[in-house]
Amino acid sequence: MGENPAKSHYAQLNLGEENEMEIFGYKTQCCRKALCIAGYILSCGALLLLFYWKPEWDVWANCVPCSLEEADVVLLRTTDEFRIYSRKNVTWISVSGIIKSRLDYPSFAEEDSIFSKALMKPSLQVKSIQVQKIRYVWNIYAKQFQKVGALEDHHTCSAIHTKFGSGLTCSEQSLRRVICGPNTIDVPVIPIWKLLIKEVLNPFYVFQLFSVCLWFAEDYMEYAAAIIIMSLLSISLTVYDLRQQSVKLQRLVESHNSIMVTVCRNKEGFQELESHHLVPGDMVVLKEGKALLPCDAILISGQCIVNESMLTGESIPVTKTQLPQADNLKPWKMHCAEDYKKHVLFCGTEVIQTKGDDRGVVKAVVLQTGFNTAKGDLVRSILYPKPMNFRLYRDALRFLMCLIAFAAIGMIYTVCVFALNGEEAGEVVKKALDVITIAVPPALPAALTTGIIYTQRRLKKKGIFCISPQRINMCGQLNLICFDKTGTLTEDGLDLWGLLPSEGNCFQDVRRFPADHSLPWGPAFRAMVVCHSLIVLEGKIQGDPLDVKMFEATNWVIDDSSGHQIEGQRSTHATVIRPGPKANTASVDGITILHQFPFSSALQRMSVIAQETGGEKQAFTKGAPEMVATLCRAETVPSNFESKLLFYTAQGFRVIGLAYKSLQSGKQSTDLTREEVESDLTFLGLLIMENRLKRETKPVLEELSDAHIRSVMVTGDNIQTAVTVAKNAGMISPTNRVILVEANKIPGSFSASVTWKPLKENKTEDDGNLDSGSQTGRRIRLAAEPGQFHFAMSGKSYQVVAQYFSHLLPKLLLNATVFARMSPSQKSSLVEEFQKLDYFVGMCGDGANDCGALKVAHAGISLSEQEASVASPFTSRTPSIACVPELIREGRAALVTSFCMFKYMALYSTIQYLGVLLLYWQLNSFGNYQFLFQDLAITTVIVSFTEAYPKLVPYRPPSQLVSPPLLLSVILNILFSLGMQILGFLMVQKQPWYSKTDIHSACLSVNNHVENSSSASSLGLHGVGGGDPTEVDNGYKSYENTTVWLLSTINCLIIALVFSKGKPFRQPIYTNYVFIMVLVGQLGVCLFLVFADIDDLYSKMDLVCTPTTWRISMVMMLAVTLAVSFLVEEAIIENRALWLWLKKTFQYHSKSHYKRLQRVLEQDSAWPPLNETFSLDAVTVSVEEDMGGHSNPTFDSNEDAL
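FYI, my numbering numbers position 919 of the sequence shown as 921, with every residue one higher than the one before it.
What follows is the structure, given as structure tokens:
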């Protein structure tokens, strides 16, 4: 073969995607398999269980590595830090039943598709694997597994129209159906027995089973039975919960699996079939009326209006246009760039309205089916959530390993003690194994998730839904939030403030709304009437809020009864706009919108082709003023265009540019390309919209600022408007200066330049919205202070800096607050760049344009009415940013709860472990009911109910378990517990009434005490009844046992109280009424056991009677332990000032990239440069020192002198 075998054994699946994996090829060997089967039998299934937990060991034991081509088993490994393995069997799909004869070969062989490349001749089989519900087939030529169920990306626009425009033949469709599988998002309800087995085989329950068997062997019957009942209850609750989730998810998807669709068959015409028969490449005909989409499809003729709220959370109708018939060789997605989604109808969304092409039909080519679709992607993200917070998980495992090592020491000690005292070997083994069941709490990893579960419930009550609970702990670490502007920081609906018309390259007087209704009939008015993508739905105008406000100001109406408009000789479905009852007199009956080029974030504009009744065709364009001006003829753009634009944007207005041109009557409107329509336009003027801040915006941003959480604005709006809104919202203080970073690529060359200049302040004194002169003077005086500046840049500049000045980008990001005119992909890229600087980034925006950034961020919050959207892990039903601090508060509370539970579980098992080891010294242990009381009563302490503290403090909880304060807390409390138990153990032996053999000596010796007479005599009678005072002793009763058990039991309650941390991240502990009641109840029972002298109870609990003075001594020991623990926790562990002082003393600096960079820049007097320009040539010097390639010699040259 001539290939490197190691290379052909390994490949990557879904390269560059979110679910990227490594894949390894293996071949099963019979002799290895036989040995493994023998191992399963000899180990009584233990080896099989181990292989179930570790699928990679299973593959390594049963198989030998081979090339992926020869493999019958593949091993998959995730590429994240968790590196989770999974095993998949290779299956063969036979298509010989479809391809009847060799004559059918050519039609498949000629096709440049994965279906012909995967077909093995002459066996007519296809090799496949299924991973996370997606099928992959083996490409014989590329020698790799390739995804099926999606149309290949290499098709050009014209190829999609020509190859698939007339539909697939029946044989092609059948072949694709067999290879791709059905077009269903099938989430079967998992049978209860399967869920039960899966849950029972969890390592936690297997460990419990091992423990229970051991306890039965040691005659701990009642205790073992109680643990079995508790485990069964826990398993039942988990299985019920999983079953409910499974049913809920199935209901979410079942409606899309059986829809009737009309498909066009090549040479056979149209036919109706069920949607689960659809395959990529099928031609679907969309009929009039509402319909749910059962697959992702590319629109190739006509136009659709779709409700995509299921995916994006945005309930604004979206217009979809047909894929252009471009003849270039670029793949269709590359040709359409970021706007490819404008031609794609997504699965699970609803088609509200269709507009046919010249032949009156709306056709679409199936792009993706089943779990490959957008809806399938949402369901898969719920079925296979990405594990988060690797550090916490890793630390928990390390801690567990330490406890196992700790238990191993105890085992050695146990073996030595019991063996030296001549115990039987079997008894020694049982006692040694018992140590492990005590020292290692198997519920430790589960304790980390309890905080998350309760937090998720609290968030749901507050209208915040979460499809990725693992990210809740991440929210507690957020220290930078990116906000979209429109609809997030500002009101969704903009108010129309005015129109600044332009005639003959001069601006006219501004026309204010609503006062000035006398808007004259002309091109600017016509643009306002037709340049939008509004629709009438159930008698109500719907669409973009900006479009709605603009259209309503004209007093015209959309005639929703409009049918077909004759254009030339062909008929087409079109929208007709007519003057309303309140409209000014117009010279026309109506205007027909013939064709629409929807708004594109990348192009920053939209256009329509319209025609007055009996008039000529005209094109109207509206969009970003800077963009519209570049498309207009220079002589039509006023000379003072930039200063006028600055005047309005500096006041925070949203400004829209309008333009138009007349079209020649020769060409059909649908045949015109966007480039032809949007060129040589005549500039019409500026539409000025008032963009008000939401009521909650300013207080929320102030709260985040007080908590030292950075706020950054990432918007598609004009930079000046964005800066003004940032100032009004409090993101930029009035005393801070704003530095505009402009980067330009020199056309036709590889060079680029970057310029830093102060943002122009509009000096108009008469406008109340602008700064007064005194404030401006104050700003200039403060400009020299370090850290008192903010960078602002546009998407274009960001792109150039990222591409050509990558070493400058981190420096700019440290102080950048406003990013304007950002495209969706630039928003995602920005979030990733912030993450590279070790920021924990949150993103808050709408689900449509910010979808990518919401997914990439550590916590993406979509403001939407939907419960779950594919756009982001968190969805807030309340459309305001008030959910951001709420989520951070709850995240911090969940993180602290996880740590408290972790500390408590570790300490609880350690206290019990120390007590048992002490008693082992005397060949004694805790009794049956003693273990039962400790485990059942004490571990029911409910810590997780404590709610989040309402105020956000200016620091975050620790992000890792292995942090000095947390470790010190655990170690000191272990020492306090050990000290107290040893003190009690030794002191009881020194008491005058103490006897090693007679367990009633204490109470008998104090018979003369009135308070003890009755109990002592009854105990005496009880003990002497048979002539043998130790008759009722079952081997556990002793003064040491009673002392150590009572001390350790109450010590667990002390620890629960001390570790129930309230402020600053959670409410004070007394607000958690359930916890306080449980704690007080348990403490009452324990104190009752200390002071009660009820014979039967003491006998049952294996306790012995001790004098009251000794009982008081024990309570005093416990009180001292509580005081010392509480004091240490408050004065040392939680003393933030002390830890900061220690950090300063030992010169400990944060390892976060952005912190290191801040320290470097503080020493740099040349930063930030002002009114300076640097070209690419000036910074091509290699810079690898200092910040690992992030420093710049131009600015760092004087650092050595400092």
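We treat Cβ as the ideally placed atom computed from N, Cα and C, and that holds for glycine.
Using only the alpha-carbon positions, how far apart do residue i and residue j sit?
{"i": "Thr30", "j": "Pro190", "result": "30 angstroms"}
{"i": "Gln1084", "j": "Thr439", "result": "24 angstroms"}
{"i": "Thr615", "j": "Val578", "result": "10 angstroms"}
{"i": "Leu909", "j": "Ile1057", "result": "8 angstroms"}
{"i": "Cys404", "j": "Glu1131", "result": "23 angstroms"}
{"i": "Val590", "j": "Asn268", "result": "46 angstroms"}
{"i": "Ala421", "j": "Tyr225", "result": "26 angstroms"}
{"i": "Asn1074", "j": "Ala1125", "result": "22 angstroms"}
{"i": "Leu1144", "j": "Ser965", "result": "14 angstroms"}
{"i": "Val265", "j": "Leu402", "result": "59 angstroms"}
{"i": "Tyr12", "j": "Leu78", "result": "10 angstroms"}
{"i": "Phe1093", "j": "Asp221", "result": "29 angstroms"}
{"i": "Trp62", "j": "Glu1164", "result": "54 angstroms"}
{"i": "Thr684", "j": "Val249", "result": "59 angstroms"}
{"i": "Gln837", "j": "Ile711", "result": "15 angstroms"}
{"i": "Met285", "j": "Ile194", "result": "41 angstroms"}
{"i": "Ile483", "j": "Lys729", "result": "17 angstroms"}
{"i": "Phe1176", "j": "Ala376", "result": "44 angstroms"}
{"i": "Asp1166", "j": "His809", "result": "16 angstroms"}
Can you look up residue i in the DSSP assignment and give me helix, strand or coil?
{"i": "Glu290", "result": "coil"}
{"i": "Phe622", "result": "strand"}
{"i": "His11", "result": "helix"}
{"i": "Cys853", "result": "helix"}
{"i": "Gln31", "result": "coil"}
{"i": "His163", "result": "helix"}
{"i": "Tyr957", "result": "coil"}
{"i": "Arg85", "result": "coil"}
{"i": "Thr638", "result": "helix"}
{"i": "Lys542", "result": "strand"}
{"i": "Glu569", "result": "Reliability fails at Glu569, whose pLDDT of 47 lies under 50, so the model's placement of it is uncertain and the value that follows must be treated cautiously. Glu569 falls in the strand class under three-state DSSP."}
{"i": "Gln722", "result": "helix"}
{"i": "Glu1174", "result": "strand"}
Grab me the residues of residue i's own chain with a C-beta within less than 6 angstroms of its C-beta, minus the 5 sequence neighbours each way, in chain order.
{"i": "Pro184", "result": "His278"}
{"i": "Gly18", "result": "none"}
{"i": "Val679", "result": "Ser609 and Ala621"}
{"i": "Ser602", "result": "Asp341"}
{"i": "Glu20", "result": "none"}
{"i": "Met1103", "result": "Tyr931"}
Considering only DSSP beta bridges, list what residue i is partnered with.
{"i": "Met285", "result": "Cys266 and Val367"}
{"i": "Gly687", "result": "Pro503 and Leu660"}
{"i": "Lys759", "result": "Leu742"}
{"i": "Asn91", "result": "Val75"}
{"i": "His597", "result": "Ile611"}
{"i": "Phe1077", "result": "Bridge partners of Phe1077: none, in fact."}
{"i": "Gly271", "result": "Arg267"}
Identify, in the order they occur along the chain, each residue of the same chain with its Cβ nearer than 7 angstroms to the Cβ of residue i, setting aside the five sequence neighbours on each side.
{"i": "Gly1029", "result": "Its pLDDT being 36, under 50, Gly1029 is placed unreliably in this model, and the value from its coordinates should be taken loosely. So the list is empty, once near-sequence residues are dropped."}
{"i": "Val802", "result": "Ala745, Asn746, Lys747 and Ala754"}
{"i": "Phe117", "result": "Phe110, Leu177, Arg178 and Ile181"}
{"i": "Tyr54", "result": "Leu203"}
{"i": "Met1116", "result": "Gly986, Thr1045, Leu1048, Leu1049 and Val1092"}
Quick one: what's got a C-beta closer than 8 angstroms to residue i's C-beta in the same chain, skipping five residues either side?
{"i": "Glu493", "result": "Asn693, Arg694, Leu695 and Lys696"}
{"i": "Leu1172", "result": "Ile741, Trp758, Lys759 and Pro760"}
{"i": "Ile131", "result": "Val76, Lys90, Asn91, Val92, Thr93, Arg137, Tyr138 and Phe147"}
### Task
Give a yes or no on contact between the stretch 741-761 and the stretch 697-709, applying the rule of three or more CB pairs nearer than 8 angstroms.
no
### Task
Indicate whether the contact test is met: 3 or more Cβ pairs, each with one atom in the stretch 809-827 and one in the stretch 713-722, closer than 8 angstroms.
yes
### Query
Any chance the stretch 617-626 sits against the stretch 654-667, with 3 or more Cβ pairs inside 8 angstroms?
yes
### Query
Does the stretch 197-216 come within contact of the stretch 908-926, defined as at least 3 CB pairs closer than 8 angstroms?
no
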